[in-house]
Every structure is written in C-alpha cells, then in structure tokens.
Amino acid sequence: MTKLHPGRLATLLTALVALFLLMPLIAVVPVSFTSRRYLSLPDGKYSLRHYQALWEDPEWLSSFLTSVQVGVIASLLAVALATAFCIGIWMLRPRFSGLMTGFVLLPMVAPPVVSSLTLYFFLKKLSEWNSLIAYDSLGGVILAHMVMIVPYAVVVVMVSLSQIDRRMDLAAQSMGASVPTRIFGVILPNIRFGLLGAFFLCFLLSWDEIGVTLFVTSVETITLPRRMWMGLRDNVDPSIAALSVLLILVVSLLVIARALLLMRKERAAR
Amino acid sequence: MRAYLFLICPVLLFLGGSYLLPFLGIMQLSFTDPEPGLGQYSHVLSDPLTLSVIWRTLRICVIVTAVSVAAAYIITLLWVRGRPLVRSLTELCIMIPFWISVLSRAFGWMSMLSNRGLLNTWLKDLGLIETSLQLTRNEFAVIIGMSHYLIPFAVFPLATAMRNVDERVLTAADGMGASRMRIFWQVFLPMTASGIMGATLLVFVFSVGFFVTPALLGGGQSVLIAELIYLWIFQIPQWGMAAAMSVILMLAVGGILVLLMRRYGEMAK
C-alpha cells in the first residue's frame, strides 16, 4: 500500500507559503549591512557599523542584561509556582480542579492588550505603596512577566506529570513516605526534564515579551524588546536589523540542531 | 491536607491578587470613570470614530484569519503528508519564524516593504516603477504582517486533524478510482473540518487583541482596537473608555473560546 503524497500543485503552493514565511527574515540581512543611518539597502558600500553600534552602545548592553535578569527571575518563580500547583492538583485531585486550572490559564487566553491594561492598572496602584514592585521598575516587570508566563509553565508541567506512573508515588506512600519525601524524592526527579522545558519556554516568552512590557515600563527599566520597539517606532534604526540578524541566526541554529537531533534519534530507533 | 494547600494556593493567590483583582478594578472603572453608569459603553458603541475602529478590526481580522488558515492548510499538508525530506524542510519553514520575536518579524516586513526596502529597490532597478510604492503604513502591511505572525499558530490544530485522518479511507477512495483532486476535496478536506474550525477560531481570537504588528506596520494609519486602548491610556487619558473597550473585548473573546471548547468537548465524546 503506497501512501498518497501531495502532488505538484500542493508542492508549488507550499513553496510560495514557505517563501512568504522566510522572506522577512531574509530581508533584514542586507539592511543590516547598510552604511547609512536609516533603513535602506547598501548600494555598493557594505558596512558593519550597526553591528559595532550594538557592541559599543552601553544602552543595548544594559537592556540585554535587564532582559536576562527579568527572564531568569520571572521564569524561576513562575516554574516554582506552577510546579507546586500542578503537584498539588496531581496528588490531591481536589474538587474544582478543572475550574482552578482554568483560572490559572486565564492570562494565556485573555487578549494580551486586556492583560496589559490590567497589569498597568495594578502596578500603578502598587506604586502608591512601594517602589520595589512598581510601575517602570525591575520588580514590576518581573511580576508582570510572571503573570503572563505562569500558564505556559502550568501546561508544560501538567503534561510531564501526566506521563509519570502514579503507582510509583503510591508505592512510596504505602511504605510510609511523608509528603515532602514523595515530592522531592519521587515526583520531582521524574519530571525534571519537564521542569527544564518549562523554564526554557518561560524564559523565551519573557525574553520576547513586548505587549505587556510596553504598558508597564517607560524610561527606567528597558528590556531588549522594549528598546527595539523604541528604535522601530520613531526613526527606524538599522541597529535593529543587526540585532534581528543575530537573533534570527541563533533561533535558526537552535531549531535546525533540534531537528537534526530528532532525526538521529529516529534513525537510532529504527 | 495542609501540605496540599501550601502547594495549590500560592499560584491562586498570586494570580488572584495581581490579575483577577485588578481586572475587577478595570471593570469597576468601566462603570464609574468619568461618571457612574453605562455612559462609557454607550459611548464606545455609538461614537463613529470608535465604531470605525471596531469595524476595521473585524474586517482585518476576518481577512487575516482566512489568509492564515488557507496558507497554513497548504503548508501543513506537506508537513504531515509529504515525503521525509520535504517534511523536514517544511518543518523548518514553520518553526524558525514561529520562534522569532514579533518585533524582528515586523521589522523584517518593514525592510521588505518600506520605501527604501528590498521590494521597492528591486522594482526600481528592474525599471518597473519610477517612484516607490507605498506598501507600509496601511492596511495591506498590517494584513501581511499579522498573517505572517499567525500562520504557524494555525498549523498546529490543522496538523492534529490531518494526522487523525484514517489512511484506509483515502486508500479506499483511491482504489475505487477517484482522482487525486476528488479525494482531496470530497474526502480529505471534510475529514479535517474540525481542524479548520479550531484553527479559524484560534487565529481569530489571537488577531483581535493584536497590538505590536498593527502599530508598527500600520504606522498610525490603521488603528485597531488594541492600539486604540493604548492611545486611550497613554495619549488622551480616558480610562473609562479603555476599560469599557477591554471588558467588551474580553467578553467577545470569552464567547468564542466557550464555542471552541464546546466543539472540542463534543468531538471528545
């Protein structure tokens, strides 16, 4: 029995869609080598000045560091909260667990602009009480990012919990293991890859986050996407082309490496 | 029992305090700012300028949804059913854009479409046009940019539906002499209808609250609902209006999601 493969027409159309998907990623490459100060193509003269600007401008560096800080702290806290929640639901299977999970997933499904307005409102109110977790502060951005990424962490951890064998936990319980022992000795070691995946996804989401960040920051705390936005909004700064090329390169390498790894695994499995 | 509460409660308290409570505050604002009553809602739903923004948002979102789902369907077809090499290549074409930040992608379209961008430069070099075409700062650019962002999201529900298609049904149609085109239109497409429905609702929900891409590629010329809310907060402070619009948006999206879950719930049975 031969499987029906898509024909020539479908292949041609797919090639067009693929071209459409890759076109903007390729278009930034020549722009990043322009010798001018505005968005343009290099006419004969290629220049690395915009890459140099990225390297030498302290503002880009400080935004880079801000983004890393926000991403790491927000992801660690979000994964911790999400893991505790998921383990609680998994062990206890309480009433209303569907309702509670739905509530935790809310920031993921609500329109981003509504979440942004809500968090802006919240941080503005908090600013009247303290300056640590406030509008336009590092703490404020971390809190806002946590709200937005917690649902994703919950989804990933839930999935990895659903794959472990419940009988292991029952065995530990029947042999008299306490709740902390069951969690730290049995459950957590078994979902460690899920936790790593959740952290990685959360970090990526926070690293790219712009919608909410635009609402809750202004001039003090500027993450990398926020600085890109500033450079895109007014006079388009070709440094962003250089930065985009670097980001696109990193993502492409990671995706290709992952694909190759999977292919090798599949071959080994055969 | 206490141990369990320590596990489940922190995240509920965290989101209750920093998300649900402030959202209730927003709801309260929508009924009280600047004056108590339903004035904000009636203003949002009767002011011609606001209505034109709502109308434009709906129109653009419908077009974007149709374009994204159609394009995603084609590429998913090859991703799921192509030969191994084709499959890997299409997977890269889907995954690489998917993981790249929305800002870089919007900037990519600016480099492509702006006055001194790639497309205009090529067309000029070829002598096809004299002056640059205005391809950004309009609805065209917004539709292109948003579709580009949303195609990968439409791929996932479609891929699930296509993987669930029973191979034997296709073989049976083939064995009875149906042409490839007929197998596709009369057998394969109807069998993936649930995936199309899921992808359509998902993409539409995402597109309605979209902010970054329209703001950058529309250049203030085609303001959508999300950007209007931003303007109502940061340019001409009108908290009540922004709040009322947010509540309406939330209700609309909530309604669509309930629809989506009902559909999937029925399918699960």
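Residue numbers (full-length UniProt numbering), protein chains in the order written: chain A, 1 to 270; chain B, 1 to 269. Note that the Cβ used here is the ideal one computed from N, Cα and C, for glycine as well.
Taking a C-beta distance under 8 Å as the contact criterion, L103/B and P225/A qualify as a contact pair. Closest in alpha carbon position to V29/A, among A242/A, A257/A, V250/A and M100/A, is A242/A. Y46/A: not part of any alpha helix (DSSP H); DSSP gives it neither H nor E. Across the set G44/A, F33/A, S178/A and L117/A, the C-alpha of F33/A shows the shortest separation from the C-alpha of Q52/A. By the Cβ test, the region 168 to 181 of chain B is not in contact with the region 195 to 214 of chain B, since fewer than three Cβ pairs between them sit closer than 8 Å. Three or more Cβ pairs closer than 8 Å define a contact, and the region 238 to 256 of chain B meets that threshold against the region 110 to 125 of chain A.
Within the same chain, and ignoring the five residues on either side of D237/A in sequence, the residues whose Cβ sits closer than 7 Å to its Cβ are G231.
Under the rule that a run must span 4 or more residues, the alpha helix (DSSP H) segments found entirely inside the region 200 to 256 of chain B read 212 to 218 and 225 to 234.
In this structure, DSSP gives D208/A a helical state, which the three-state scheme calls helix. For the set S131/A, L261/A and N190/A, the Cα lying nearest the Cα of T83/A is the one of N190/A. Using a CB distance cut-off of 8 Å, L22/A counts as an interface residue toward chain B. The beta carbon of T90/B sits closer than 7 Å to the beta carbons of I75, L78, W79 and G82 from its chain, once the five residues preceding and following it are set aside; these are given in chain order. A Cβ-Cβ separation of about 6 Å places Y135/A in contact with V216/A under the 8 Å criterion. Taken in chain order, the members of the region 112 to 132 of chain A whose beta-carbon sits within less than 8 Å of a beta-carbon on chain B are P112, V113, V114, S115, S116, L117, T118, L119, Y120, F121, F122 and K125.
In the structure shown, T192/B falls within a coil segment according to DSSP collapsed to helix, strand and coil. Proximity of chain B to T11/A at the Cβ level (cut-off 9 Å) is accounted for by L78, G82 and V86, in chain order. Taking one beta carbon from each stretch, the region 113 to 122 of chain B and the region 57 to 65 of chain B have fewer than 3 pairs nearer than 8 Å; the two do not touch.
Looking at M148/A, S178/A and S239/A, the one whose alpha-carbon comes closest to that of G211/A is M148/A. With a threshold of 8 Å between beta carbons, A71/B makes contact with chain A. F200/A counts as exposed, since fewer than 16 other beta carbons sit within 10 angstroms of its beta carbon.
A direct Cα-Cα distance of roughly 38 Å separates E130/B from W55/A.
Assigned with DSSP and collapsed to three states, Y38/A falls in coil, not helix or strand.
Not a single unbroken stretch of the beta strand (DSSP E) spanning 3 or more residues falls wholly within the region 45 to 112 of chain B. Residue-level contact check: S67/A does not touch chain B, since none of the beta carbons of chain B fall below 8 Å from its beta carbon. Counted as a single uninterrupted DSSP element, the alpha helix (DSSP H) harbouring M27/B occupies residues L21 to T32. In the structure shown, L38/B falls within a coil segment according to DSSP collapsed to helix, strand and coil.
Of all alpha-carbon atoms in V154/A, L195/A and E59/A, the one lying nearest the alpha-carbon of R227/A is that of E59/A. Comparing C-alpha distances from Y152/A to each of F85/A, R167/A, F184/A and P180/A shows the shortest one belongs to F85/A.
By alpha-carbon distance to A198/A, the top candidate from R167/A, E209/A, L25/A and S160/A is S160/A. Neighbours of P10/B across chain A, judged by C-beta separation under 8 Å: L81, A84 and F85.
Residues of the region 34 to 68 of chain A with a C-beta less than 8 Å from any C-beta of chain B: Y38, L39, S40 and L41, listed in chain order. It is roughly 10 Å from the alpha-carbon of L81/A to the alpha-carbon of M146/A.
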